[in-house]
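In what follows, a single structure is set out as structure tokens and then discussed.
Structural data, given as structure tokens:
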């Protein structure tokens, strides 16, 4: 992992992407003892449908907490992919939900396609955990935190009754990406 | 309101202070069309009990999203008050939960004391909405967004079944502060 790693979770409002960012920041800091900043910035475009959440993880305190060049970006919708893939660093990663991003942007980054919402809906049985499927996928893709740390952070954020559901979602996301990237 | 206004919500983990920050940022941006950044930074101290969430609101895009001098700080616990009141700007504001911050820090800022958790518990009937009582109080104190915008943002974040409860919580917090500061 580089000294400073920047991730962006983008999609539509209401998809739980802020929560996914918070869980990742907690996995890095509370579970693994690193430094992390999680943020969302809202401009007039916040009134539209696209939404994003950012996480910066570093071994040292983070002085400049604004994402500059994104190492890895998740896009759950076409609009988010078009809008938020622009700051991906050369050689970076873009994970898209293949059912909702039918024309992935082209650039100097690697595009990974997988069904995120449909995995949540059809394999976990609850569309609401799509954000946790996405989180598992991003952890597998970037390795910014270990699979165990990610799972621990997920479980500490959800009520008892939803733990199994979220654990399944996280691990399905993780395993599907691992199967894709080998 | 100054060109750039910085708020901090601090207390214990699990008190919903990140949510309070997100709602305020949404009130400023989605409801009122301003720019806002909401963030939490986690260092090794995130493993302890104190937790904070920050919101910056401005009329223009926010280039430097890290809180520098805090205009208004909420502290729900003594530990948070001791730790996070240090960056309040000269002449700024510190709102404390009077039942949990029995020795408010002294500095070049105005301290406002009110019962936050107890208002949620005894007057709303649900301790879990203490963060929304606190949000109403901070809106009344700082006027960074209007009462109506704050309420709209609260209601758009909570499920139908909890709307009345959260509306009551927000307005009780707002009115208690207004009664205190006149």
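Protein chains in written order, with our numbering: chain A, 241 to 422; chain B, 241 to 422. Glycine residues also receive a C-beta, built at the ideal position from the N, C-alpha and C atoms. Note that the structure is a prediction, hence the values are computed from the model and not measured.
For chain A, is any of its Cβ atoms less than 9 Å away from the one on residue i?
{"i": "residue 279 (chain B)", "result": "yes"}
{"i": "residue 260 (chain B)", "result": "no"}
{"i": "residue 245 (chain B)", "result": "no"}
{"i": "residue 241 (chain B)", "result": "Residue placement at residue 241 (chain B) is flagged as unreliable, the pLDDT there being 44, under the threshold of 50; the coordinate-derived value follows with that caveat. False, the Cβ-Cβ gap to chain A never drops below 9 Å."}
{"i": "residue 402 (chain B)", "result": "no"}
{"i": "residue 283 (chain B)", "result": "yes"}
{"i": "residue 289 (chain B)", "result": "no"}
{"i": "residue 276 (chain B)", "result": "yes"}
{"i": "residue 249 (chain B)", "result": "no"}
{"i": "residue 256 (chain B)", "result": "no"}
{"i": "residue 390 (chain B)", "result": "no"}
Can you tell me whether residue i is buried or exposed? The criterion is at least 16 other CB atoms within 10 Å of its CB, across all chains shown.
{"i": "residue 414 (chain A)", "result": "buried"}
{"i": "residue 416 (chain B)", "result": "buried"}
{"i": "residue 342 (chain B)", "result": "exposed"}
{"i": "residue 312 (chain A)", "result": "buried"}
{"i": "residue 385 (chain B)", "result": "buried"}
{"i": "residue 292 (chain A)", "result": "buried"}
{"i": "residue 380 (chain A)", "result": "buried"}
{"i": "residue 404 (chain B)", "result": "exposed"}
{"i": "residue 326 (chain B)", "result": "exposed"}
{"i": "residue 383 (chain A)", "result": "exposed"}
Note down the Cα distance separating residue i from residue j, rounded to an integer number of angstroms.
{"i": "residue 378 (chain B)", "j": "residue 297 (chain A)", "result": "30 Å"}
{"i": "residue 344 (chain A)", "j": "residue 397 (chain B)", "result": "31 Å"}
{"i": "residue 320 (chain A)", "j": "residue 363 (chain B)", "result": "42 Å"}
{"i": "residue 254 (chain A)", "j": "residue 422 (chain A)", "result": "32 Å"}
{"i": "residue 322 (chain A)", "j": "residue 249 (chain A)", "result": "13 Å"}
{"i": "residue 305 (chain B)", "j": "residue 389 (chain A)", "result": "28 Å"}
{"i": "residue 393 (chain A)", "j": "residue 271 (chain A)", "result": "7 Å"}
{"i": "residue 357 (chain B)", "j": "residue 365 (chain B)", "result": "10 Å"}
{"i": "residue 346 (chain A)", "j": "residue 303 (chain A)", "result": "32 Å"}
{"i": "residue 338 (chain B)", "j": "residue 299 (chain B)", "result": "33 Å"}
{"i": "residue 350 (chain B)", "j": "residue 330 (chain B)", "result": "9 Å"}
{"i": "residue 244 (chain A)", "j": "residue 332 (chain A)", "result": "13 Å"}
{"i": "residue 348 (chain B)", "j": "residue 247 (chain B)", "result": "16 Å"}
{"i": "residue 407 (chain A)", "j": "residue 352 (chain B)", "result": "43 Å"}
{"i": "residue 354 (chain B)", "j": "residue 324 (chain B)", "result": "18 Å"}
{"i": "residue 284 (chain A)", "j": "residue 294 (chain A)", "result": "18 Å"}
{"i": "residue 399 (chain B)", "j": "residue 376 (chain A)", "result": "26 Å"}
{"i": "residue 275 (chain A)", "j": "residue 360 (chain B)", "result": "33 Å"}
{"i": "residue 395 (chain B)", "j": "residue 279 (chain A)", "result": "22 Å"}
{"i": "residue 266 (chain A)", "j": "residue 265 (chain B)", "result": "21 Å"}
{"i": "residue 340 (chain B)", "j": "residue 318 (chain B)", "result": "6 Å"}
{"i": "residue 391 (chain B)", "j": "residue 273 (chain B)", "result": "15 Å"}
Do residue j and residue i have their beta-carbon atoms positioned less than 9 Å apart in this structure?
{"i": "residue 260 (chain A)", "j": "residue 374 (chain A)", "result": "yes"}
{"i": "residue 367 (chain B)", "j": "residue 336 (chain B)", "result": "no"}
{"i": "residue 387 (chain B)", "j": "residue 411 (chain B)", "result": "yes"}
{"i": "residue 269 (chain B)", "j": "residue 277 (chain A)", "result": "no"}
{"i": "residue 334 (chain A)", "j": "residue 309 (chain A)", "result": "no"}
{"i": "residue 256 (chain B)", "j": "residue 290 (chain B)", "result": "no"}
{"i": "residue 369 (chain B)", "j": "residue 409 (chain B)", "result": "yes"}
{"i": "residue 258 (chain B)", "j": "residue 262 (chain A)", "result": "yes"}
Is residue i close to chain B? Criterion is C-beta to C-beta, closer than 9 Å.
{"i": "residue 304 (chain A)", "result": "yes"}
{"i": "residue 266 (chain A)", "result": "yes"}
{"i": "residue 270 (chain A)", "result": "yes"}
{"i": "residue 324 (chain A)", "result": "no"}
{"i": "residue 301 (chain A)", "result": "yes"}
{"i": "residue 422 (chain A)", "result": "no"}
{"i": "residue 273 (chain A)", "result": "yes"}
(Q) What ranges does the beta strand (DSSP E) occupy inside the segment 310 to 398 of chain B, keeping only unbroken runs of at least 3 residues that lie completely in it? (A) 310 to 315, 328 to 337, 349 to 354
Q | Entirely enclosed alpha helix (DSSP H) segments - the segment 280 to 308 of chain A, minimum 4 residues | A | none
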